[in-house]
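Asks:
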Amino acid sequence: MACTEVVLGPLTLKNPVMPASGTFGYGEENAGAFDPGELGAVVAKSVRLEPAPGNPPPRLVETPAGLINAVGIPSEGVDAFIRDQMPLLRQTGTVVIVSIAGSTALQYGELAARLSDVPGIDALELNLSCPNIGHGLPFGQDPGLLAEAVSAARGNTGLPIIAKMSPNVTDIAAMSKIALDAGADILAIANTVNAMVIDIWKRRPVLGNIAGGLSGPAIRPVAVRNVWRVYEQVKAPIIGSGGIVTWQDAVEFLLAGARAVAVGVANFINPNAMKEIIQGIQGYLDSQGFESVEDIVGLAHTIGRSQ
Ligand SMILES: Cc1cc2nc3c(=O)[nH]c(=O)nc-3n(C[C@H](O)[C@H](O)[C@H](O)COP(=O)(O)O)c2cc1C
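Residues in the sequence shown are numbered consecutively from 116, following our numbering.
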């Protein structure tokens, strides 16, 4: 059987599959469908420094091939997270990635400091799609804010840092370089795509927050292209994400250059999705004669063309 272990910068994962933050709770939300310890990693939903209620409803709206969410990162705050959720995450028996969300660059630093010495955390993921309180613009869409947020976290932790990049930029490779220069070790490519829906009868936006982030199959080709481009331009380990529903989708991301994949809304539709994706990747490697999942990372580039 082919080896499914992947080295993701400073992390070693037993297989390349993990949940996307916010779609798997703290590992308890798959309702016992399978043991979260079978995953390459668990990724917790983003935690804030202080308790926060999130956005006004409605927070979700379905679209033809995806879901727009404007949840707004409700959080019980970092103290309650450490007290109530870390014991659950610690028990999963796999790599634990904690996602953090700040409203200022300093908050990323403070969150990193608070979480650094908590036992059982293997890496911090920076959710850079939160708006900066002064600026209004998400950290991941402004080069200066991006560098400030990543540097603030880097300055306060020795844990590996994953920068979860925004696709809502002109050049995601250039932004990724900024995140790496500021101290990120791994890139997550990418978060949701800006989107909105208008109710034609009420003649106003459906979401309480007006706009939100599109996820699901609709964004997969966008995300694959972004992984492809970042792989070519930036030499850093990539977690690919956006619209992965089946193992075939996951293999596409690996061939584009991702070393691991994160599965989001597919978990809402099929609680066994990630388990089936792990099995499907294994089956693909075996049937195609590959010895390791590492053998197919970026393989499409050897015959593909840039752009
Ligand atoms: C309901 C919901 C909540 C989410 N919460 C978070 C979050 O807390 N932090 C984060 O970084 N991303 C969050 N995301 C984005 C996902 O992690 C993922 O990047 C996105 O959904 C794209 O992947 P997908 O198409 O496989 O769903 C959320 C997405 C959804 C649908």
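Glycine included, every Cβ here is placed at the ideal spot set by N, Cα and C.
Can you find a heavy atom of ligand 1 that lies under 6 Å from the Cβ of A299?
Replies: To locate residue 299, count along the sequence shown from 1; it is residue 184. Result no, Cβ not under 6 Å from ligand 1.
Asks: Pick helix, strand or coil for M280, following the three-state DSSP scheme.
Replies: The sequence position of residue 280 within the sequence shown is 165, counting from 1. M280 falls in the coil class under three-state DSSP.
Asks: Could you tell me whether the region 382 to 393 touches the region 410 to 418, where touching means 3 or more Cβ pairs closer than 8 Å?
Replies: The region 382 to 393 is not in contact with the region 410 to 418.
Asks: For A415, collect the residues of the same chain with a Cβ closer than 7 Å to its Cβ; drop the 5 residues on either side in sequence, then sort them by chain order.
Replies: Translated into positions along the sequence shown, residue 415 becomes position 300. Only L370 and A371 meet the Cβ criterion.
Asks: Beta-carbon within less than 6 Å of G137's beta-carbon, same chain only, minus the 5 sequence neighbours each way: which residues are those?
Replies: One-based indexing of the sequence shown puts residue 137 at position 22. Here the set comprises K160.
Asks: Quick one: Cα of P131 to Cα of K317, how far?
Replies: In the sequence shown, the residue the question calls residue 131 occupies position 16. In the sequence shown, the residue the question calls residue 317 occupies position 202. Cα to Cα, the separation comes out at about 44 Å.
Asks: Kindly indicate which three-state DSSP category R319 falls into: helix, strand or coil?
Replies: Counted from its first residue, the sequence shown places residue 319 at position 204. If DSSP states are grouped into helix, strand and coil, R319 belongs with the strands.
Asks: What beta strand (DSSP E) runs, 3 residues minimum, are completely inside the region 312 to 368?
Replies: Qualifying beta strand (DSSP E) stretches, in chain order: 327 to 330 and 353 to 356.
Asks: Please list, in chain order, all residues of the same chain as Y399 whose beta carbon is under 7 Å from its beta carbon, the five residues on each side excluded.
Replies: On the sequence shown, position 284 is the one that residue 399 refers to. Closer than 7 Å at the Cβ level, and outside the excluded window around Y399, lie W362 and V366.
Asks: A305 and A338 look like a contact to me (Cβ under 8 Å); what is the Cβ gap, rounded to whole Å?
Replies: Locating residue 305 in the sequence shown gives position 190, where the first residue counts as 1. Locating residue 338 in the sequence shown gives position 223, where the first residue counts as 1. Contact flag correct, Cβ pair sits at about 6 Å.
Asks: Looking at the structure shown, is A381 part of a helix, part of a strand, or coil, going by DSSP?
Replies: Here residue 381 corresponds to residue number 266 of the sequence shown, with the count starting at 1. A381: helix per DSSP, three-state reduction.
Asks: Please determine if the region 220 to 227 and the region 160 to 173 are in contact, where contact requires at least 3 C-beta pairs separated by less than 8 Å.
Replies: With a cut-off of 8 Å, the region 160 to 173 and the region 220 to 227 count as touching, because enough Cβ pairs lie within range.
Asks: Over the uninterrupted alpha helix (DSSP H) stretch that includes S231, give me the two end residues.
Replies: Against the sequence shown, residue 231 aligns to sequence position 116. Start and end: A220 to S231.
Asks: Straight-line CA distance for R198 to P173?
Replies: For the purposes of this step, residue 198 is taken as residue 83 along the sequence shown, with counting starting at 1. For the purposes of this step, residue 173 is taken as residue 58 along the sequence shown, with counting starting at 1. The straight-line gap from Cα to Cα measures roughly 30 Å.
Asks: Going by the DSSP bridge assignment, what does E97 pair with across the sheet?
Replies: Because the chain in this structure spans residues 116 to 422, residue 97 falls outside the shown range and cannot be described.
Asks: For P275 versus L182, is the C-beta distance shorter than 7 Å?
Replies: Against the sequence shown, residue 275 aligns to sequence position 160. Against the sequence shown, residue 182 aligns to sequence position 67. No. Outside cutoff.
Asks: Taking only three categories from DSSP, how would you classify G136?
Replies: Numbered from 1 along the sequence shown, position 21 holds the residue referred to as residue 136. Reading off the sequence shown, one finds Ser at residue 136, where the question assumed Gly. Note: S136 maps to coil in three-state DSSP.
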